[in-house]
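A short worksheet on the structure shown next.
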Amino acid sequence: MNKSNQLNELIKPSCIQIAACSYEGSLFGWNIEENESHDSLQANLIYGFNETTWSIKTITSSDNGKYIAFGGMEEKVKVYNMNEKRNVAELAKHTGAITCIQFY
Numbered sequence: 003m004n005k006s007n008q009l010n011e012l013i014k015p016s017c018i019q020i021a022a023c024s025y026e027g028s029l030f031g032w033n034i035e036e037n038e039s040h041d042s043l044q045a046n047l048i049y050g051f052n053e054t055t056w057s058i059k060t061i062t063s064s065d066n067g068k069y070i071a072f073g074g075m076e077e078k079v080k081v082y083n084m085n086e087k088r089n090v091a092e093l094a095k096h097t098g099a100i101t102c103i104q105f106y
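Following my numbering, the numbering of the sequence shown begins with 3 at its first residue and continues without gaps.
Shown next as structure tokens:
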């Protein structure tokens, strides 16, 4: 089973998905689900990897969750396809840190 299929099996439509970035250049994603008795939540890490040695300051996801975009001190916006778990675009030529991004 390839990484894309493994990731798709882990992401369940009935749960909350959270993506986060770090100042150390890492990206993380979790599924958050209620337990069977509905009295607490359980977080399951579905991915975590280092993307850059630069500080990541902002992250956003597309409405359908297929893409995330992030940027920071590297002065680039990078776009990842989360189904394929790979970088699909890099937007350069910024002249300062990226502190806010959004899909439209």
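Using N, Cα and C, we set each Cβ at its ideal position, and we do this for glycine too.
Secondary structure note for I48: its beta strand (DSSP E) is the uninterrupted segment L43 to N52.
Contact check for A91 against V81 passes: the beta carbons are separated by less than 8 Å.
For N37, same chain residues with a beta-carbon under 7 Å away, outside a window of 5 residues either side, are Q44 in chain order. The DSSP-derived three-state label of K95 is coil. For C23, the enclosing beta strand (DSSP E) begins and ends at I18 to C23.
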